[in-house]
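Residues in the sequence shown are numbered consecutively from 57, following the numbering used here. Virtual Cβ for every residue (Gly too), placed ideally from N, Cα, C. Nothing here was measured: the structure is a model prediction, and the numbers come from that model. Worksheet: one structure, shown below.
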Amino acid sequence: MRRITPWLAIGATLLAGGCETVLPATAGSYAECDRVIAAYGKQRPGFVDVEEWGQRSWDSFRGAYDANGDGKVDRAELIGKFQPPLNAPGRAMYDREQARNFRRLDRANKGFIDRADVIRDATPGFRWQDRNHDGWLSREECALRRRTYELI
Ligand SMILES: [Ca+2]
Ligand SMILES: [Ca+2]
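Structure below.
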């Protein structure tokens, strides 16, 4: 495990939650969790299940990166979206991380990331947050946040 710098976290919107996921696995605050649960928790009031959580991740990811709105995120959309002012070594590191994120999400090497990729990737984060293992995230579980981010 190593700590990541803030601009990497931004670059990914991505790199949060579990060591498998590159999507925001934590909403982080009760206010945000309440919004997420109200928007996505359609089956059981006050809770979201793994599919609802994954849909939220997809909506967030698509909103951040699908520049042309075709329902897919290609390599250029992922890597080109956030380009903070970095020096050359920082930029190279950022690009490597984003390229790695792309490869991990596009597991079938399709050349783009789609809803299924993102939902699959969000699942480990959901499992980590579902502390009582009942298949639902409460607002308290939703608000859990790791102190450090892990990358593999
Ligand atoms: Ca697109
Ligand atoms: Ca739970």
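- Bounds of the alpha helix (DSSP H) holding A120 are 106 to 121.
- A straight-line Cα-Cα distance of about 11 Å links G181 and E197.
- The beta carbons of W192 and R112 sit about 14 Å from each other, so the pair does not count as a contact at 8 Å.
- Under the three-state reduction of DSSP output, D126 falls in the coil class, being neither helix nor strand.
- Collapsing the DSSP output to three states places F182 in a helix.
- Counting other Cβ atoms within 10 Å of its Cβ, D173 reaches 16 or more and is therefore classed as buried.
- Ligand 2 never approaches E196 closely enough for any of its heavy atoms to be under 6 Å from the residue's Cβ.
- The straight-line gap separating the alpha-carbon atoms of R160 and S116 is approximately 18 Å.
- Distance from the C-beta of K128 to the nearest heavy atom of ligand 1 is below 6 Å.
- For F158, the three-state secondary structure derived from DSSP is helix.
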